[in-house]
Structures are given as C-alpha cells and as structure tokens.
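So the number in the working numbering is just where the residue sits in the sequence shown, counting from 1, plus 53.
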Amino acid sequence: WQQVPICDLLAEALDVSRDRVVLENDTNASLLAEVWVGAARGRKHVVLLTLGTGIGGAIMCDGRLLRGSRGQAGELGHTILVPDGRPFGGAGVDGIFEGYAS
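This is how it looks when you write it as structure tokens:
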C-alpha cells in the first residue's frame, strides 16, 4: 500500500470531489462517528479511548479533532506510565501504557 493514491481512487470510484475523501485512523474515525450520530452527538469536547490489540485515543476540543504536529495527538497507548519501565514492541520508549494494559 505504499505509493497508492487511495483517496484519489476512492473519489473517482464514488464519483465525488477529491476534497471530500480523507484517509483517517480508526480511533479518530470512531470519535467523529460518535460526535456525528452517536453518544457524543452535538458535543464539542470529547475524549474517546479504544481498547483492542492496542490502546488508542482521540480528542476533540472546541469541535475540532486534535491531531498534533505529527498526527499523534490522542495516542494514549504511547503515554509513559512508568519511566524506564517494561519494554514494549518496537515503540522505542519503555514504560508505555500499551506495555501494561494491551
């Protein structure tokens, strides 16, 4: 899936303008769905925590999805709980939430 213009292909297949198609991670998409039609409908400030094969999170503040400078705002699973704690996968940082709870 490297160098595949998936948004362009979807826009063409669905016959919609390219600016109407975005690629989003699952947790951010879940938060948006909750705000649009779910339990958080109409809310402007929302935090969503997902638990599965990892720990995810998404944050909405003033009606805007927070992304951060590298698109990682809300990634709660990589929050350091125990400095110099247990190593976890290829995260590159020890003691993260996912290392203890996923």
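Quick reminder that beta carbons are idealized off the backbone N, C-alpha and C, glycines included.
Which of helix, strand or coil DSSP assigns to T106: coil
Under the three-state reduction of DSSP, which class applies to A5: helix, strand or coil? Any answer about residue 5 is impossible in this case: the structure gives the chain only from 54 up to 155.
Using beta-carbon positions only, say whether G124 and F141 come within less than 8 Å of one another. no
Compare the Cα-Cα distances from G105 to each of Q56, D79 and G148 and report the closest residue. D79
Starting from the C-beta of L129, find all residues in its chain whose C-beta is less than 8 Å away, skip the five residues before and the five after it, and write them out in chain order. L102, I108, G109, G110 and F150
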